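Participant: Right, I'll just put the structure down here and ask away after.
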Amino acid sequence: GAVVSQHPSWVICKSGTSVKIECRSLDFQATTMFWYRQFPKQSLMLMATSNEGSKATYEQGVEKDKFLINHASLTLSTLTVTSAHPEDSSFYICSAREGGREAQPQHFGDGTRLSIL
Amino acid sequence: GQNIDQPTEMTATEGAIVQINCTYQTSGFNGLFWYQQHAGEAPTFLSYNVLDGLEEKGRFSSFLSRSKGYSYLLLKELQMKDSASYLCAVLLGDYKLSFGAGTTVTVRA
Numbered sequence: 028g029a030v031v032s033q034h035p036s037w038v039i040c041k042s043g044t045s046v047k048i049e050c051r052s053l054d055f056q057a058t059t060m061f062w063y064r065q066f067p068k069q070s071l072m073l074m075a076t077s078n079e080g081s082k083a084t085y086e087q088g089v090e091k092d093k094f095l096i097n098h099a100s101l102t103l104s105t106l107t108v109t110s111a112h113p114e115d116s117s118f119y120i121c122s123a124r125e126g127g128r129e130a131q132p133q134h135f136g137d138g139t140r141l142s143i144l
Numbered sequence: 005g006q007n008i009d010q011p012t013e014m015t016a017t018e019g020a021i022v023q024i025n026c027t028y029q030t031s032g033f034n035g036l037f038w039y040q041q042h043a044g045e046a047p048t049f050l051s052y053n054v055l056d057g058l059e060e061k062g063r064f065s066s067f068l069s070r071s072k073g074y075s076y077l078l079l080k081e082l083q084m085k086d087s088a089s090y091l092c093a094v095l096l097g098d099y100k101l102s103f104g105a106g107t108t109v110t111v112r113a
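Laid out in structure tokens, this is it:
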């Protein structure tokens, strides 16, 4: 089945640090990748949609200058949390869908648990 | 905004059956997904419905009624490993998924 790899799994860092999270589709080409954030005991909230070769589309209320997304190839998207603060601590999950097949499920990475001290 | 409702918690006994309901009112609809999520892990795909009716996959079945904006996930022969959160998600017109808050199912021996 389709595999999405997300790295790193855990990040603990000081306030003010920028953190980069990678999301890779290992055995399929993902024209679209999605970035979600999940706070404890809450559901996944879509942050942005990342399309290969173009600018990401951010959901309302998500600061694009704080959460930088790059989708440089059909298998890699990155999310950089710039100048992270404790309120950015959360579980960040990426997902990817194969291009051109609307009914295909999104495949999720294992998530990155970000803790800002 | 999108409105997707499902119960917060359900408890059932090992070997029993549990039905998780999901109602939705969304700006678009291209199908409904159910995902399973264990604590601290990413969601895994369980089922997809786009037409009315029942889809069966082993111990798990999912039902959809588009006219009623309603779906359910049926878990049969519950096992301890089925203790998890179950997420109902609607596929919107632009490939985005809008998730419900999730239903935490606890299976007791």
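Each protein sequence line maps, in turn, to chains A and B.
Oh and the first sequence: position 91 is 118 in this note's numbering, straight run, nothing missing.
Oh and the second sequence: position 29 is 33 in this note's numbering, straight run, nothing missing.
C-beta atoms are modelled at their ideal positions from N, C-alpha and C, and glycine is treated no differently.
Values in this document were obtained by computation on a predicted structure and should not be read as measured data.
#1: When you compare only the Cα positions, how much space is there between Ser81 of chain A and Ile96 of chain A?
#2: Where Glu78 of chain B and Ser110 of chain A are concerned, what is the direct C-alpha to C-alpha distance, given to the nearest angstrom?
#3: Measure the CB-CB distance between Ala93 of chain B and Gly104 of chain B and report whether it falls below 8 Å.
#4: Have a look at Gly44 of chain B and Lys100 of chain B and give me their C-alpha separation to the nearest angstrom.
#5: Three or more beta-carbon pairs under 8 Å between the region 133-143 of chain A and the region 105-120 of chain A, yes or no?
#6: Reducing DSSP to helix, strand and coil, say where Glu90 of chain A ends up.
#7: Using a Cβ-Cβ cutoff of less than 6 Å, which residues in the same chain neighbour Thr108 of chain B once the five nearest sequence positions on both sides are dropped?
#8: Please return the same chain residues whose Cβ sits closer than 8 Å to the Cβ of Tyr76 of chain B, not counting the five positions on each side in sequence.
#9: Give every residue of the same chain whose Cβ lies closer than 7 Å to the Cβ of Gly73 of chain B, excluding the five residues on either side of it in the sequence, and list them in chain order.
#10: Please check if any C-beta of chain B sits within less than 8 Å of the C-beta of Ile25 of chain A.
#11: Spell out whether any CB of chain A is found under 8 Å from the CB atom of Lys100 of chain B.
#12: Which chain A residues are close to Phe103 of chain B, counting only those with a beta carbon under 7 Å from its beta carbon?
#13: Report the residues of the region 70-89 of chain B with a CB closer than 9 Å to any CB of chain A, ordered along the chain.
#14: Near Pro11 of chain B, what residues of its chain come up, given a Cβ to Cβ distance below 8 Å and the 5 sequence neighbours on each side ignored?
#15: Can you say whether Pro132 of chain A is buried or exposed, counting buried as having 16 or more other CB atoms within 10 angstroms of its CB?
#16: Against chain A, with Cβ distances strictly below 8 Å, would Tyr28 of chain B count as a contact?
#17: Evaluate contact between the region 88-107 of chain A and the region 29-42 of chain A, counting only Cβ atoms and requiring at least three cross-stretch pairs below 8 Å.
#18: Nearest chain B C-beta to Gln133 of chain A closer than 8 Å, yes or no?
#19: For Gly57 of chain B, list the residues DSSP reports as bridge partners.
#20: Would you please state the rounded distance, in angstroms, between the beta carbons of Leu73 of chain A and Glu86 of chain A? I believe it to be under 8 Å.
#21: With 8 Å as the threshold, decide whether the Cβ of Arg124 of chain A is near any Cβ in chain B.
#22: Tell me the residue span of the beta strand (DSSP E) that contains Met14 of chain B.
#23: Cβ atoms of Ala75 of chain A and Phe177 of chain A: under 8 Å apart, would you say?
#24: Would you mind sorting Asn53 of chain B into buried or exposed? The rule is 16 or more other CB atoms within 10 Å of its CB.
Facilitator: Straight from the coordinates:
#1: Indexing the first sequence from 1 puts residue 81 of chain A at position 54. Indexing the first sequence from 1 puts residue 96 of chain A at position 69. Rounded to whole angstroms, Ser81 of chain A to Ile96 of chain A spans 10 Å at the Cα level.
#2: Locating residue 78 of chain B in the second sequence gives position 74, counting from the first residue. Locating residue 110 of chain A in the first sequence gives position 83, counting from the first residue. Reading off the sequence, residue 78 of chain B comes out as Leu, not Glu. If you take the alpha carbons of Leu78 of chain B and Ser110 of chain A, they lie about 44 Å apart.
#3: Position 89 of the second sequence holds residue 93 of chain B. Position 100 of the second sequence holds residue 104 of chain B. Cβ distance < 8 Å, so Ala93 of chain B and Gly104 of chain B count as in contact.
#4: Here the question's residue 44 of chain B lines up with position 40 in the second sequence. Here the question's residue 100 of chain B lines up with position 96 in the second sequence. The alpha-carbon atoms of Gly44 of chain B and Lys100 of chain B are separated by roughly 23 Å.
#5: yes
#6: For this step, residue 90 of chain A is matched to residue 63 along the first sequence. Residue state, collapsed to three classes: coil.
#7: Stepping through the second sequence from its first residue, residue 108 of chain B is reached at position 104. The residues are Glu13, Ser89.
#8: Here residue 76 of chain B refers to the residue found at position 72 of the second sequence. Cβ within range, chain order: Gln23, Ile24, Asn25, Cys26, Ser66, Phe67.
#9: In the second sequence, residue 73 of chain B corresponds to position 69, counting from 1. So the qualifying residues of the chain are Thr27, Tyr28, Gln29.
#10: Residue coverage of chain A in this structure runs from 28 to 144, which leaves residue 25 of chain A outside it and unanswerable.
#11: Taking the first residue of the second sequence as 1, we reach residue 100 of chain B at position 96. Yes, Lys100 of chain B lies at the interface with chain A (some Cβ there is under 8 Å from its Cβ).
#12: Translated into positions along the second sequence, residue 103 of chain B becomes position 99. Those within 7 Å of Phe103 of chain B in chain A are Ser70, Leu71.
#13: Ser89
#14: Position 7 of the second sequence, counting from 1, holds the residue named residue 11 of chain B. The answer, listed in chain order, is Ile24, Asn25, Thr107.
#15: Here residue 132 of chain A refers to the residue found at position 105 of the first sequence. The residue is buried, with at least 16 neighbouring Cβ atoms inside 10 Å.
#16: The residue you call residue 28 of chain B lines up with position 24 of the second sequence. By this cut-off, Tyr28 of chain B is not an interface position.
#17: no
#18: Walking along the first sequence from the start, residue 133 of chain A turns up at place 106. With 8 Å as the cut-off, Gln133 of chain A counts as an interface residue toward chain B.
#19: The count along the second sequence starts at 1 and reaches residue 57 of chain B at position 53. Bridge partners of Gly57 of chain B: B:Leu68.
#20: Residue mapping note: residue 73 of chain A aligns to position 46 of the first sequence, counting from 1. Residue mapping note: residue 86 of chain A aligns to position 59 of the first sequence, counting from 1. Their Cβ separation, rounded to whole angstroms, is 5 Å, which keeps Leu73 of chain A and Glu86 of chain A in contact under 8 Å.
#21: The count along the first sequence starts at 1 and reaches residue 124 of chain A at position 97. Yes - at least one Cβ of chain B is within 8 Å of the one on Arg124 of chain A.
#22: The sequence position of residue 14 of chain B within the second sequence is 10, counting from 1. Residues 13-17.
#23: This structure does not reach residue 177 of chain A, given that chain A is present from 28 up to 144, and the question cannot be answered.
#24: For this step, residue 53 of chain B is matched to residue 49 along the second sequence. Buried.
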